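K.L.:
Protein chains in written order, with my numbering: chain C, 1 to 217; chain X, 218 to 434. Every residue, glycine too, gets a C-beta built ideally from N, C-alpha and C. These numbers come from a predicted model, not from an experiment.
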């Protein structure tokens, strides 16, 4: 079945619907209006998003939770397990190693890497830290099942591009980047960025704007 | 000076320009083409973004780094210090307490809170953990300088809304939310969400799509 590609914003909302209905253990059927109330997304947009993927609900009733949940799970690629490599065992990397939601989503961090000699070979949260120089070899061996193609990058900004190049070379196709650096990758590789400083800047922009508006009134 | 509000995406890019020119210590003037190369944003869009804020550069030369840096810093509200409260001292909270970029951006986490009796009163990364029940009292006392209006929320999803309510009640105007939960707040409060699971879902959506395309060919 050939599907059209949905926008990044649509995917974000689909995940929000998915998470919300997983939490909605009190009901078996949900109307778009009720889902709107629980997610904060307008009901019309919910209907549009879901119909894009051929999920139309039952007129006068709504969406059957079990059905919708399975459907969304499949669309989001969460109906299977994913092995993930983590590069950079600093504070953020360590926090992610024990991130409780990953397991529920089918993510399993199975290899961790760092370049610091005093970290390599040590154990962290049950994982042995391997040398970043061995990534290609390790991932390609692990990758025989065809699944080791997601990596989380939690290294300092000044080495992030170098690490991304190594990962791409090792066959990684999807990167979650925590480093405050823009990564340049080939077109067939996806990068999503979590940039804490950037999000904070959005808050201070907002607060500064409000202040200057207050002053100008 | 009354300014029009820029979109969230514009703000994200402004911050990217700002960070990039801070790192561009090798040059004194930057053309939009050079900035495009260093940020991955098309030159025309850079010119559009900057002209929106009245920054036009010098024809045939480009933007003076010092000038542009100061201008962006001011727009983004980063020409001053911001005191920040952190709620939830788990793994993610702890990682943020030592996040190296915050200091450079003028952010100072100055109060940390948790609700767990075994954490309250203990010290973490040099901070004494205070009781979440005392937030309002602590923030309003601290807030005499008018600056304690940003909070970072790193609590479990099931208590995130309750914490947000307390923060809003205590006068917090901007929340960086790490909890995988949709927060409902009044219109004069801004929330930005960092949702690790959601970003991971975007990656698996992409990988699943690619696979189903490969199969259908």
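#1: Ignoring anything shorter than 4 residues or poking outside the stretch 25–61 of chain C, list the alpha helix (DSSP H) runs there in chain order.
#2: Whether or not the stretch 295–304 of chain X and the stretch 316–327 of chain X are in contact is what I'm after, with contact meaning three or more pairs of Cβ atoms, one per stretch, closer than 8 Å; do they touch?
#3: Given this structure, state the Cα-to-Cα distance separating residue 126/C from residue 87/C, to the nearest angstrom.
#4: Which word fits residue 401/X, buried or exposed, when buried means at least 16 other C-beta atoms lie within 10 angstroms of its C-beta?
#5: Could you tell me the distance, in whole angstroms, from the CA atom of residue 285/X to the CA atom of residue 272/X?
#6: Per DSSP, which one or two residues make a beta bridge with residue 111/C?
#7: So what's residue 319/X in DSSP terms, helix, strand or just coil?
#8: Please report the residue range of the beta strand (DSSP E) in which residue 372/X lies.
#9: Would you decide whether residue 414/X is buried or exposed? Buried here means 16 or more other CB atoms lie within 10 Å of its CB.
#10: Taking just the CA atoms, how far does residue 309/X sit from residue 73/C?
#11: Under 7 Å Cβ-Cβ, which residues of chain X neighbour residue 69/C?
#12: What residue from 355/X, 404/X, 230/X and 340/X has the CA that sits closest to residue 261/X's CA?
#13: In terms of residue numbering, what span does the beta strand (DSSP E) encompassing residue 183/C cover?
#14: Can you list, in chain order, the residues of its chain whose CB lies under 6 Å from that of residue 157/C, leaving out five sequence neighbours each side?
#15: I want to know whether the stretch 335–350 of chain X touches the stretch 272–283 of chain X - three or more CB-CB distances under 8 Å.
#16: Considering residue 238/X, what are the terminal residues of the alpha helix (DSSP H) in which it resides?
#17: Taking C-beta pairs closer than 7 Å, name the residues in chain X that residue 27/C reaches, listed in chain order.
#18: Return helix, strand or coil for residue 122/C, following the three-state DSSP convention.
#19: Within 7 Å (strictly less), CB to CB, does residue 422/X reach chain C?
#20: Could you check if residue 268/X is buried or exposed, using at least 16 other CB atoms within 10 Å of its CB as the buried criterion?
#21: If I'm right that residue 20/C touches residue 38/C with Cβ under 8 Å, what's the distance once you round it to whole angstroms?
#22: Under 7 Å, do residue 391/X and residue 207/C count as touching if we go by C-beta distance?
#23: At least one CB of chain C closer than 7 Å to the CB of residue 425/X: is that the case?
#24: According to DSSP, simplified to helix, strand and coil, what is residue 172/C?
#25: Between the stretch 81–96 of chain C and chain X, which residues of the former have CB atoms less than 9 Å from a CB of the latter, in chain order?
#26: Ignore the nearest five residues each way along the sequence and tell me which others in residue 249/X's own chain have a CB closer than 6 Å to its CB.
#27: Please classify residue 328/X as buried or exposed, where buried requires at least 16 neighbouring CB atoms within 10 angstroms.
#28: Just curious, the beta strand (DSSP E) that residue 349/X is in, first and last residue?
#29: Does residue 318/X get closer than 7 Å to chain C when you measure Cβ to Cβ?
#30: Using CA coordinates, which residue listed in 194/C, 137/C, 29/C and 23/C is at the minimum distance from residue 394/X?
#31: Smallest Cα separation from residue 502/X: which of 318/X, 336/X, 341/X and 358/X?
#32: Against chain X, does residue 180/C count as a neighbour if the rule is that its beta carbon must be under 7 Å from one of theirs?
#33: Have a look at 416/X, 406/X and 409/X and flag the residue whose alpha-carbon is nearest the alpha-carbon of residue 190/C.
#34: Tell me the residue span of the alpha helix (DSSP H) that contains residue 65/C.
#35: In the DSSP assignment, find the beta strand (DSSP E) that holds residue 410/X and state where it starts and stops.
#36: Can you tell me which of the three DSSP states residue 5/C falls into?
P.N.:
Concretely, from the data shown:
#1: 32–39 and 43–52, all fully within the stretch 25–61 of chain C.
#2: Output reads yes: the stretch 295–304 of chain X touches the stretch 316–327 of chain X.
#3: Answer to the nearest angstrom: the Cα atoms are 15 Å apart.
#4: So residue 401/X counts as exposed.
#5: Computed Cα separation, rounded: 8 Å.
#6: DSSP links residue 111/C through a beta bridge to 85/C.
#7: Correct three-state label for residue 319/X: helix.
#8: Taken as a continuous stretch (DSSP letters only), residue 372/X belongs to no beta strand (DSSP E), as it is neither H nor E.
#9: Flag for residue 414/X reads buried.
#10: Rounded to the nearest angstrom, the two C-alpha atoms are 26 Å apart.
#11: Result: empty, since nearest Cβ-Cβ is about 14 Å, beyond 7 Å.
#12: Proximity to residue 261/X across 355/X, 404/X, 230/X and 340/X peaks at 230/X, based on C-alpha coordinates.
#13: Residue 183/C -> no beta strand (DSSP E), and no H or E assigned at all.
#14: Setting aside the 5 residues that flank it on each side, residue 157/C is surrounded in the same chain by 179, 180 and 181, each with a C-beta closer than 6 Å to its C-beta; the list follows chain order.
#15: Not touching, per the Cβ criterion.
#16: It spans 225–240 - the alpha helix (DSSP H) in which residue 238/X sits, taken as one unbroken run.
#17: The contacting residues do not exist; residue 27/C stays about 17 Å from chain X at best.
#18: Three-state result, residue 122/C: coil.
#19: With 7 Å as the cut-off, residue 422/X counts as an interface residue toward chain C.
#20: In the assembly as shown, residue 268/X is an exposed residue. Its beta-carbon has fewer than 16 other beta-carbons within 10 Å.
#21: Residue 20/C to residue 38/C, Cβ: 5 Å. Contact.
#22: A contact, by the Cβ cut-off of 7 Å.
#23: Interface criterion met: the Cβ of residue 425/X is under 7 Å from a Cβ in chain C.
#24: In this structure, residue 172/C counts as coil in the three-state DSSP scheme.
#25: Hits within the stretch, in order: 82, 84, 90, 91, 92, 93, 94, 95 and 96.
#26: In chain order, 260, 263 and 264 place their CB closer than 6 Å to the CB of residue 249/X, counting only its own chain and leaving out the 5 sequence neighbours on each side.
#27: Buried, because 16 or more other Cβ atoms sit within 10 Å of the Cβ of residue 328/X.
#28: Careful: residue 349/X lies outside any beta strand (DSSP E) and carries neither H nor E.
#29: So, interface residue.
#30: Among 194/C, 137/C, 29/C and 23/C, the Cα nearest to that of residue 394/X is on 194/C.
#31: Nothing about residue 502/X can be reported from this structure: the residues present for chain X run from 218 to 434 only.
#32: Interface criterion met: the Cβ of residue 180/C is under 7 Å from a Cβ in chain X.
#33: Per the Cα distances, 416/X.
#34: Start and end: 65–75.
#35: Looking at the DSSP string, the run of the beta strand (DSSP E) that includes residue 410/X is 407–410.
#36: Assignment of residue 5/C by DSSP, reduced to helix, strand and coil, places it in the coil class.
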